[in-house]
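S.K.:
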Amino acid sequence: MEYKDTLNLPRTDFPMRANLPQREPEALARWTESGLYEKLLVHREKAPLFLLHDGPPYANGNIHIGHALNKILKDIILKYRHLAGWRTPYRPGWDCHGLPIELEVEKKLGRDRKAAMPVSDVRKLCRD
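If you read the sequence shown in the working numbering, its first letter stands for residue 894, the second for the next number, and so on.
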């Protein structure tokens, strides 16, 4: 007799492993195909608006645990507000996040050299 057979555990059809790398894309495809997010917005279209702009995750450096915490907290806030009856569309925002990138470009070029360049060239360097 195996040890597991001596335990009084409920029987379930759930798999023992989640296999998220395989199953998550399937769930996302199902949600996209069914228009789940759009249905959530339509369901709350007359509700009061709660808007939380979400900027780029790591515009001014390498990604770190603080970026993950930021995204997780914003997700929790939006889900709580939605469940509390608010209309909570997800809005990725850019705010002033380009400024840190531009400052890094300015450090590399020097202030005078950057000032002498056309704005389009500075923008290209920022994108790169």
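C-beta atoms are modelled at their ideal positions from N, C-alpha and C, and glycine is treated no differently. All of these numbers come straight from a predicted model, not from anything done at the bench.
So, with DSSP's three-state summary, where would you put Asp968?
M.R.: One-based indexing of the sequence shown puts residue 968 at position 75. If DSSP states are grouped into helix, strand and coil, Asp968 belongs with the helices.
S.K.: Below 8 Å, can you find three or more Cβ-Cβ pairs linking the stretch 992 to 1003 to the stretch 955 to 963?
M.R.: no
S.K.: From His946, Ala1009, Ala977, pick the residue whose C-alpha is nearest to that of Lys964; which is it?
M.R.: For the purposes of this step, residue 964 is taken as residue 71 along the sequence shown, with counting starting at 1. Nearest of His946, Ala1009, Ala977 to Lys964, Cα basis: His946.
S.K.: Which parts of the stretch 917 to 961 are runs of the alpha helix (DSSP H), unbroken and 4 residues or longer, counting only runs that do not cross its ends?
M.R.: 929 to 936
S.K.: Within a Cβ cutoff of 7 Å, which residues of the same chain sit near Ile970, ignoring the five residues on either side of it in sequence?
M.R.: Here residue 970 refers to the residue found at position 77 when the sequence shown is read from its first residue. In its chain, beyond the 5 residues on either side, Leu945 have a beta carbon closer than 7 Å to the beta carbon of Ile970.
S.K.: Tell me where the beta strand (DSSP E) around Pro908 begins and ends.
M.R.: Your numbering for residue 908 matches position 15 in the sequence shown. Note, Pro908: premise wrong, no beta strand (DSSP E); not H, not E.
S.K.: With burial defined as no fewer than 16 other Cβ atoms inside 10 Å of the residue's Cβ, what is the status of Arg923: buried or exposed?
M.R.: If you number the sequence shown from 1, residue 923 lands on position 30. Burial call: exposed.
S.K.: Roughly how many angstroms lie between the CA atoms of Ala911 and Leu976, to the nearest whole one?
M.R.: For the purposes of this step, residue 911 is identified with residue 18 of the sequence shown, where counting begins at 1. For the purposes of this step, residue 976 is identified with residue 83 of the sequence shown, where counting begins at 1. Approximately 26 Å between the Cα atoms of the pair.
S.K.: Three-state secondary structure (DSSP) at Thr985?
M.R.: For the purposes of this step, residue 985 is taken as residue 92 along the sequence shown, with counting starting at 1. The sequence shown places Pro at residue 985, rather than the Thr named in the question. Strand, per DSSP.
S.K.: Report the CB separation of Arg984 from Pro941 in whole angstroms; it is logged as a contact under 8 Å.
M.R.: Translated into the one-based positions of the sequence shown, residue 984 becomes position 91. Translated into the one-based positions of the sequence shown, residue 941 becomes position 48. Their Cβ separation, rounded to whole angstroms, is 16 Å, which puts Arg984 and Pro941 out of contact at 8 Å.
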